[in-house]
Amino acid sequence: MSWDVLLVRLPDEVTSVSQMAHDYQPAPLGPRHDVLATVAGVLPGADLSDPAWGVLSGPTWSVELSIGAADPVDSMMLHIRGTGDEVLTPVFELAGALGCKVFDCSEGDLITPGGTSGWHGFQRFRDRVTREGR
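The sequence shown begins at 293 in our numbering and counts up one residue at a time.
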């Protein structure tokens with residue numbers, strides 16, 4: 293179970309999905325080799341031995357980077373597990389380096405640095421489900 297966020301290119305003035313034109317097509321993140329080089333530069337601890345599926349591990353969390361095999365890379369899905377708000381730091385550092393916004397798939401809207409409600413909501417849900425499953 294993971295909290296999923298999507299890194300996607302959107303115009304600077306867009307702060308909410310509701311501001312998007314229905315038929316808007318985001319620009320790609322860039323050529324695959326450039327995207328991988330950016331990930332490696334921003335997240336030097338990331339394991340990119342499988343360039344389609346990277347992994348970044350922190351003290352209490354992990355992030356799987358679903359980069360895919362397409363060239364150019366259209367977007368990147370991050371599957372976040374664990375605990376601790378510090379996991380958001382590398383998420384937003386990577387988004388900034390790629391010129392992306394961060395879309396919280398659970399809340400259905402964009403989030404900004406310090407926006408922890410989706411992450412906290414996921415952790416509450418995960419904890420409740422895993423307790424009930426015992």
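The C-beta atom is built at its ideal place from N, Cα and C for all residues, glycine as well.
Note that the structure is predicted; figures quoted are calculated from it, not measured.
Give the range of the beta strand (DSSP E) segment to which residue 347 is assigned. By 1-based counting over the sequence shown, the position of residue 347 is 55. Here the beta strand (DSSP E) through residue 347 covers 345–349.
Delimiting residues of the alpha helix (DSSP H) encompassing residue 325: Taking the first residue of the sequence shown as position 1, residue 325 is located at position 33. That run of the alpha helix (DSSP H) goes 324–334.
Could you say if the region 368–386 and the region 296–308 meet the contact criterion of at least three C-beta pairs nearer than 8 Å? yes
Sequence ranges, alpha helix (DSSP H) only - wholly within the region 352–384, length at least 4: none
Whose C-beta lies closer than 8 Å to the C-beta of residue 332 among residues of the same chain, with five residues either side of it excluded? Residue 332 sits at position 40 when you count from the first residue of the sequence shown. Excluding positions up to five away in sequence, the list reads 338, 340.
Does DSSP classify residue 306 as helix, strand or coil? Position 14 of the sequence shown, counting from 1, holds the residue named residue 306. The answer is coil: DSSP assigns residue 306 none of H, G, I, E or B.
Would you kindly work out how many angstroms separate the C-alpha atoms of residue 355 and residue 349, rounded to a whole number? Counting from one through the sequence shown, the residue named residue 355 turns up at place 63. Counting from one through the sequence shown, the residue named residue 349 turns up at place 57. One C-alpha to the other measures close to 6 Å.
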